[in-house]
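Colleague: Provided herewith is a single structure, encoded as structure tokens, for subsequent inquiry.
In the numbering used here, the protein residues as written are -1 to 143.
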């Protein structure tokens, strides 16, 4: 997993307000010229739970897509007709599931495997563990400001 995706995952765990924006910033073709593309907000994830659910759903979708890629590779390398037939059936089922899950993601989040996205953090809270006395001092300081 690349550094940017790790950072996105870390950010998702602490974010309360997050927007999912369609763009080509993670495009594999090297075309990351933002002047030719507009950023359009497609979804707002307004709670930690919503962020976690979204990330879980994206991970499931990506795993299903990876399984389709693996099955296609295995099908190319299959040597017997029996193996090809078995892999074809499994591939058809995997593609149907991937399509259904992708359609659900489009309806739920405006997210599709056919697009690239940028996650934009709008609000985050950082917490630290403190004693009761420290919490009282911090609270008084914050209320004074």
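Cβ atoms here follow ideal geometry from the backbone N, Cα and C, with glycine treated the same way.
1) For the structure I just gave you, are there three or more beta carbon pairs, one from the stretch 97 to 104 and one from the stretch 52 to 65, closer than 8 Å?
2) Counting pairs of beta carbons, one from the stretch 82 to 101 and one from the stretch 36 to 43, are three or more of them closer than 8 Å?
3) Express the C-alpha separation of residue 96 and residue 63 in angstroms, rounding to a whole number.
4) Should residue 69 and residue 76 be called a contact, given that it needs their Cβ atoms to be closer than 8 Å?
5) Does DSSP put residue 78 in a helix, in a strand, or in coil?
6) Pick helix, strand or coil for residue 39, following the three-state DSSP scheme.
7) Helix, strand or coil for residue 128 per DSSP?
8) Please return the same chain residues whose Cβ sits closer than 6 Å to the Cβ of residue 65, not counting the five positions on each side in sequence.
Modeller: From the atom records:
1) yes
2) no
3) 7 Å
4) In this structure, the beta-carbon distance from residue 69 to residue 76 does not fall below 8 Å.
5) coil
6) Here residue 39 carries a strand assignment [DSSP, helix/strand/coil].
7) coil
8) The answer, listed in chain order, is 92.
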